[in-house]
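K.L.:
Questions regarding the structure given below will be posed in turn.
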């Protein structure tokens, strides 16, 4: 259900299952948007994804590193929800652990917006020295 | 004969106490809804909060971002012999299916991504309410069409979760609580 909210589509064929991890879900969503020319950014603070994620890097990035980068993100949250009945390693063992996931615990949408505005202001204003 | 609304009151369809075998389910639904309301708004000992302009003030709930429709039937009084209506409040806000699903016409402006954290949090709060206390309940119908988003003037978000399916199954194994199924529904495509 939450993935439908993100993709904005109720078509079951948007995603191919099973998912192999948070990066896989992020990648499939990105591909869907690119293929269908949907211009929605998948790296806003709403997803709790670091701004640098997905950008070209000189270093070779391992999948494990990318999963680690996304561990506090929406995509990790959804992956773990989905694993509740399938993958005992990744699943949320109880409701409290889901509530403690940083994606929903850290910031509300308003707080994220304020943080984003602050970050943008920092980039545009000259340094005070 | 007692009459119960089937579904939303505006559809004007009724359960018949004598003919309809699902009649009793409707009474149990109402009782279960009241149970959920009591968990969400636990009654505190002491004096009730003062009324403002004659309207009673609703006590502060455990979570203020999730709302379940209330069953308005008064179960305390004597059974009414003529007509009996089982009325649920209509959810406030916009239906997520209508608000967020745009297919290939999705844009930054009509996307619900901005509220995704608030919606997720509220739904997990709702599932926690259902899985607390002595009787664990499964929602079993967490779909976009059953979820409503109400953004208040102060930008606070309330999520209304409608159309709960009450099961007759009793969940007694703590290692197999019904929240697992609802989590799967949330994560499912």
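Chains as they are written, first to last, in our numbering: chain A, 1 to 129; chain B, 1001 to 1189.
Beta carbons are placed, not taken as given, at the ideal position from N, Cα and C, and that holds for glycine.
(1) Which complete alpha helix (DSSP H) runs does the segment 39 to 90 of chain A hold, if anything under 4 residues is left out?
(2) For the segment 48 to 60 of chain A, which residues have a CB atom closer than 8 Å to at least one CB atom of chain B, in sequence order?
(3) Which residues, in chain order, does the segment 73 to 102 of chain A contribute to contact with chain B at a C-beta distance below 9 Å?
(4) Under 7 Å Cβ to Cβ from residue 18(A), same chain only, skipping five residues before and after it: list those, please.
(5) Rounded to a whole number of angstroms, what is the C-alpha to C-alpha distance between residue 1171(B) and residue 100(A)?
(6) So, helix, strand or coil for residue 1106(B), using DSSP?
(7) When you compare the CB of residue 1139(B) with every CB in chain A, is at least one pair closer than 8 Å?
(8) So residue 1094(B) packs on residue 1148(B), CB below 8 Å; how close in whole Å?
(9) I want to verify the contact list: residues of chain B whose CB lies under 9 Å from the CB of residue 40(A), in sequence order.
(10) Determine whether the Cβ of residue 1188(B) lies closer than 8 Å to any Cβ atom of chain A.
(11) Residue 91(A): buried (16+ other C-beta within 10 angstroms of its C-beta) or exposed?
(12) So that I know if they touch, is there some Cβ in chain A lying closer than 8 Å to that of residue 1098(B)?
(13) Using 10 angstroms around the beta-carbon of residue 68(A), count the other beta-carbons present and answer buried if the total reaches 16, otherwise exposed.
(14) For residue 1143(B), decide whether its Cβ has a neighbour in chain A, counting only Cβ atoms nearer than 8 Å.
(15) Strictly below 7 Å CB to CB, what residues from chain B border residue 6(A)?
(16) So which residues on chain A does residue 1101(B) lean against when the C-beta distance must stay under 8 Å?
(17) Less than 8 Å between the CB atoms is what I'm expecting for residue 1130(B) and residue 1137(B), so what's the real figure, rounded?
(18) Note down the Cα distance separating residue 1083(B) from residue 21(A), rounded to an integer number of angstroms.
(19) Along chain A, which residues have their Cβ under 7 Å away from the Cβ of residue 1121(B)?
(20) Under 9 Å, CB to CB, which of the residues in the segment 26 to 40 of chain A have a partner in chain B?
(21) Quick one: list the residues of chain B neighbouring residue 1(A), beta-carbon separation under 7 Å, in chain order.
P.N.:
Taking the structure as given:
(1) 63 to 69 and 74 to 82
(2) 48
(3) 74, 77, 78, 79, 80, 81, 82, 83, 84, 85, 86, 91, 92, 94, 95, 96, 98, 99 and 101
(4) none
(5) 24 Å
(6) coil
(7) no
(8) 6 Å
(9) 1106, 1107, 1108, 1111 and 1113
(10) yes
(11) buried
(12) no
(13) exposed
(14) yes
(15) 1113 and 1116
(16) 4, 8, 9 and 10
(17) 4 Å
(18) Because the pLDDT of residue 1083(B) is 44, which lies under 50, any placement of that residue in the model is unreliable, and the number read from its coordinates should be weighed accordingly. Near 55 Å, if we compare the C-alpha coordinates of residue 21(A) and residue 1083(B).
(19) 104
(20) 33, 36, 37, 38, 39 and 40
(21) 1142, 1143, 1144, 1185, 1186 and 1188
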